[in-house]
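Residue numbering for the sequence shown follows my numbering, starting at 1061 and increasing by one per position.
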Amino acid sequence: MKIEKIMKFGGTSVGSPERMKALIPLITDSEKKIVVLSAMSGTTNSLVEINDLLYSDNVNEASLKIEALREKYHKVVDDLYSTDEYKKTGHELINSHFDYINNFTLRVFTKLQEKAILSQGELISTSLFHDLLKERNIKSELLPALNFMRIDKDGEPDYYYIEENLIRELRKHNADSIKITQGFICRNVYGDIDNLKRGGSDYSASIIGAVLKVKEIQIWTDISGFHNNDPRYVKNTRVIRELSFEEAAELAYFGAKILHPSSVNPAREKNVPVRLKNTMEPEDEGTLITSNSVLIDYKAVAAKDGITVLRIKSDRMLMAYGFLRKVFEIFEAYKTPIDMVTTSEVGVSLTIDNSQYMNEIAKDLRELGTVEVEGNQTIVCIVGDFRTDKTGSAPEIFQALNTIPLKMISYGGSQNSLSLLIDTKNKTQALGLLSKHIFNNTNDK
Ligand code: ADP
Ligand code: ASP
Ligand code: MG
C-alpha cells in the first residue's frame, strides 16, 4: 500500500473534543495517509510535573495531579462521544492509562518509568481519536509507534529498523483505512520506551514521511505557517510562504518552536516537501518547505535560549597548529555539540546548549588555558541572503542592534544565515529591533 501523505496534528489541534471533531473533515479525503498525533495540549507538561514530584518522593502531590488529569480526561470522553457504548469504552480506556500511571507511585522511581509515564499522552490521544472515527463509521486503524519507531545508542533514528518495521506493520492493515499513530514516542536501543524529546511529534512525522517517501508531510498546528519572527515575543509577524529545507532547518534548530529542531532533516534527505498548516484556518495555504531556494535579503529571525558560552584563552594558541583540534576533541569526548565558534590569536569562544557535562568539559579545557563560563545566553539567527560577495546585509543588522551588546558574531559559515550571541535578558528587545528595522514592523510586544 502506498502512503501518499503524512498529516501531523499538534497538541492544540487535538486539545479539546471540539478540536478533535474538527479534524475529521481534514483527514477524510481519498488520499492514503498516516495521521500522527501529539498528546492533548498541556498533557505532556502535566506528566513532566508528575515525574518531577515522583523523583522528589512527593507521592501525595503526584497522586493528586494524576487524579486531576484523570478527571480532565473523563470530561473529554463525555464530550467526545455521542453514544453510551463509546463513552463507556472511553472511560475504561482512561482508567486503564491512569491506573498504570498511578502504579508508579508505589515504587522507587527510575528513568525508565519516567519515559513510560511521558508516553501516556500520545497513547491516550490516539486511542481516543481512533474510537471517535470508529463511532462515526470511518475506517481507521492504529499503528503503534512503539512497534516501529526506534532510536539508536546515540539517540538518532534507526532508519533501517524503522523502515523495515513500519512497512511490516502497514502490511498487517487494511489498505483503505486511515492509519493513526503516536508522535513523540519510540523505543531505544534496549527496547525500552523512550521519546524524541519535547516537541518530537514533528520529528516522528518527518521520519515516517521520509522512510515512506510520501508526496507531502503536513504539520498542522495553531498558526498559519512559518512566521518571519517569533510571534510569542514580537507583534505583527508575517507568514513566509516558501522556505528551503536549509533555511527551515536552521530556523528550527535556532529556536523557531513551530518545528522540532531536527524535524526538517529526514524530509530534506529524501527531498519530501513539508507543508505547515493551520487547523483553525485549513484553507490558508501555510508555508511550503522544499529544496527550492529563493534568496531574499531577510527571510526570518529565530532565537534559541539556554546557551552557555565558554571562552578559552591561551598563549599556546599563538602561531600554533592543532590547538583547535584539542579543544574540539574535549567536546566530542562528552558528546556535546558546539553551536557557534569564534577565534582570535589568543583565544577561542564556543557556545553549547547542553550543559550536562559542563564541569567536566571546563576542567579538561583548563589543561589548555584559562576558561571563563557564562550562562543565560541566547543565539539570534537571521536567515536571508548572506552571500559573502554581497554588501549591506550584515551592517544593516549591526545597525539595527546598535543598542544591544553583541557577545559573539558568526558570519560566513553559511550563505543564508548570520548568528549573534546576546544576553537572554536582551532577547525580546533584539527581536523587536530586528522586526522594526529589517521587516519594517512598527510595533514590538
Ligand atoms: P504544536 O503543539 O502544534 O506542535 P507548537 O506550540 O509546538 O505547536 O508550535 C506552534 C507555535 O510555535 C506557535 O503557536 C508559535 O507561538 C510558535 N512559534 C515560534 N516561532 C514561530 C515562527 N517563526 N513561526 C510560527 N510559529 C512560531
Ligand atoms: N507531546 C510532546 C510534547 O509536548 C510531543 C509534541 O507535542 O510534539 O513535547
Ligand atoms: Mg510542536
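We put the beta carbon where it would ideally sit given N, CA and C, even for glycine.
Model, not experiment: these values are computed from the prediction.
Would you check if the distance between the CB atom of residue i and the CB atom of residue j is smaller than 8 Å?
i	j	result
residue 1244	residue 1260	yes
residue 1363	residue 1487	yes
residue 1288	residue 1301	no
residue 1061	residue 1095	no
residue 1191	residue 1241	no
residue 1348	residue 1328	no
residue 1324	residue 1373	no
residue 1146	residue 1184	no
residue 1080	residue 1164	no
residue 1394	residue 1417	yes
residue 1280	residue 1239	no
Identify whether residue i lies in helix, strand or coil by the three-state DSSP scheme.
i	result
residue 1144	helix
residue 1067	strand
residue 1094	strand
residue 1291	coil
residue 1505	Here residue 1505 scores only 48 on pLDDT, less than 50, and its place in the model is too uncertain to base an answer on.
residue 1111	helix
residue 1297	coil
residue 1285	coil
residue 1416	coil
residue 1522	An answer regarding residue 1522 cannot be provided, because it is not within the stretch 1061 to 1505 covered by the chain.
residue 1324	helix
residue 1371	strand
residue 1405	coil
residue 1352	coil
residue 1437	strand
residue 1263	helix
residue 1232	coil
residue 1486	helix
residue 1468	strand
residue 1220	helix
Compare the Cα-Cα distances from residue i to each of the options and report the closest residue.
i	options	result
residue 1230	1346, 1214 and 1200	1200
residue 1434	1419, 1424 and 1448	1419
residue 1421	1392, 1177, 1458 and 1499	1392
residue 1481	1314, 1340, 1492 and 1329	1314
residue 1436	1451, 1445, 1412 and 1446	1412
residue 1457	1311, 1490, 1428 and 1484	1490
residue 1275	1228, 1358 and 1333	1333
residue 1339	1265, 1141, 1210 and 1071	1071
residue 1216	1263, 1452 and 1485	1263
residue 1160	1410, 1144, 1203 and 1179	1179
Which term fits residue i, buried or exposed, when burial requires 16 or more other beta carbons within 10 angstroms of its beta carbon?
i	result
residue 1172	exposed
residue 1152	exposed
residue 1318	buried
residue 1060	In the structure as shown, the chain starts at 1061 and stops at 1505, and residue 1060 therefore has no counterpart that could be examined.
residue 1478	buried
residue 1182	buried
residue 1430	exposed
residue 1255	buried
residue 1120	exposed
residue 1361	buried
residue 1271	buried
residue 1459	exposed
Can you determine whether any heavy atom of the ligand ASP sits closer than 7 Å to the C-beta of residue i, and answer yes or no?
i	result
residue 1258	yes
residue 1069	no
residue 1366	no
residue 1189	no
residue 1243	yes
residue 1149	no
residue 1109	no
Below 7 Å, is the gap between the Cβ of residue i and the nearest heavy atom of the ligand MG?
i	result
residue 1262	yes
Examine the ligand ADP and report whether any of its heavy atoms sits within less than 7 Å of the Cβ of residue i.
i	result
residue 1072	yes
residue 1283	yes
residue 1298	no
residue 1098	yes
residue 1342	no
residue 1292	yes
residue 1158	no
Is residue i a contact residue of the ligand FAD, with contact defined as CB to any heavy atom under 7 Å?
i	result
residue 1479	Of the ligands this structure carries, namely the ligand ADP, the ligand ASP and the ligand MG, none is the ligand FAD.
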